[in-house]
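Read in our numbering, the sequence shown has 43 at position 43, and its numbers run on one by one without any break. Working notes, structure below.
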Amino acid sequence: MRILKGMTLAATLLTVSACSTFSGNNGPSFPASASWGLLPMVNYSQTPQAGERSEQILLSVLSEEGIQPRVYPHVEDQDLLVLDDRKRYEQALQWAQGQSFDYLVSGSVEEWQYKNGLDGEPAVGLSLRVLDARTGQVLWSNSGARAGWSRESLAGSAQKVLNTLIGDLRID
């Protein structure tokens, strides 16, 4: 009976660990009191506006860590469905260079979808990076992916990924 419980526990741990993948580097420690800016997340997924959705979640996750970044202002007269994310990112980078930020947070969305099939599991893949606002040098980067359970939402899965990614960011 003990062997069966041990095998069940091992199989469960293997299954759960196979649902998430994370990679990153040990970057420097960043002061929470620094001036932070949030640039747009570039959307490489096939889901429209996944970048904007992930930005909103990222904003709240950063807030939990004591970081209150200024966000690139929304442009009212442009249709977000038509606007190229790379162009939006480049415009935001130019905007940020005119501000007095110490660090910029940015990233990309690689996957943002419900998988096909009966369960329709959410699948999220995100990358984050912290840039030196003056030089543009990448100081820290991390990426993660997660396939959630069938009753989970995309936003819930994304929040779990972002919590893990930002949890690896060393904030003083």
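Positions of the beta carbon are idealized from the N, C-alpha and C atoms, including for glycine.
7 Å CB neighbourhood of residue 88 in its chain, flanking five on each side removed: By 1-based counting over the sequence shown, the position of residue 88 is 88. Listed in chain order, the non-local C-beta contacts of residue 88 below 7 Å within the same chain comprise 40, local neighbours out to five positions each way being set aside.
For residue 123 and residue 148, the rounded distance between their alpha carbons: Here residue 148 is taken as the residue at index 148 of the sequence shown, counted from 1. Here residue 123 is taken as the residue at index 123 of the sequence shown, counted from 1. The straight-line gap separating the alpha-carbon atoms of residue 148 and residue 123 is approximately 6 Å.
In chain order, each alpha helix (DSSP H) run of at least 4 residues that lies wholly inside the stretch 77-121: As far as the stretch 77-121 is concerned, its whole alpha helix (DSSP H) runs of at least 4 residues are 85-97.
Residue 166 - DSSP class collapsed to helix/strand/coil: As a first step, residue 166 must be located in the sequence shown, where it is residue number 166. Helix, per DSSP.
Limits of the alpha helix (DSSP H) - the one that residue 53 falls within: As a working note, residue 53 is residue 53 in the sequence shown. Its alpha helix (DSSP H) spans residues 50-64.
Extent of the continuous beta strand (DSSP E) run through residue 146: Taking the first residue of the sequence shown as 1, we reach residue 146 at position 146. Following the DSSP letters along the chain, one finds residue 146 inside the beta strand (DSSP E) bounded by residues 138-147.
Straight-line gap, residue 110 to residue 126 (C-alpha atoms, nearest Å): Against the sequence shown, residue 110 aligns to sequence position 110. Against the sequence shown, residue 126 aligns to sequence position 126. Taking the straight line joining both Cα atoms gives about 6 Å.
Cβ neighbour criterion (16 or more within 10 Å) applied to residue 43: Against the sequence shown, residue 43 aligns to sequence position 43. Buried is the label assigned to residue 43, since at least 16 other Cβ atoms lie within 10 Å of its Cβ.
Residue nearest to residue 129 in terms of C-alpha spacing, selected from 139, 121, 120, 85: Position 129 of the sequence shown holds residue 129. Checking every option, the nearest Cα to that of residue 129 belongs to 139.
Euclidean distance between Cα positions of residue 92 and residue 113: Along the sequence shown, read from residue 1 onward, the residue named residue 92 stands at position 92. Along the sequence shown, read from residue 1 onward, the residue named residue 113 stands at position 113. Those two C-alpha atoms are separated by around 26 Å.
In DSSP terms, what residue 161 is bridged to: Stepping through the sequence shown from its first residue, residue 161 is reached at position 161. Paired residues: none, contrary to the question.
Member of 30, 120, 55, 86 whose CA lies at the smallest distance from the CA of residue 65: Within the sequence shown, residue 65 is the residue found at index 65, counting from 1. Looking from the CA of residue 65, the closest CA among 30, 120, 55, 86 belongs to 30.
Candidates 34, 169, 52: closest to residue 101 by CA position: Within the sequence shown, residue 101 is the residue found at index 101, counting from 1. Of the candidates 34, 169, 52, the residue whose Cα lies closest to the Cα of residue 101 is 34.
Alpha-carbon spacing of residue 19 relative to residue 90, whole angstroms: Locating residue 19 in the sequence shown gives position 19, counting from the first residue. Locating residue 90 in the sequence shown gives position 90, counting from the first residue. Their Cα atoms are separated by approximately 33 Å.
Residues bridged to residue 154 [DSSP beta-bridge criterion]: As a position in the sequence shown, residue 154 is number 154, starting the count at 1. Answer is none; residue 154 lacks a bridge partner.
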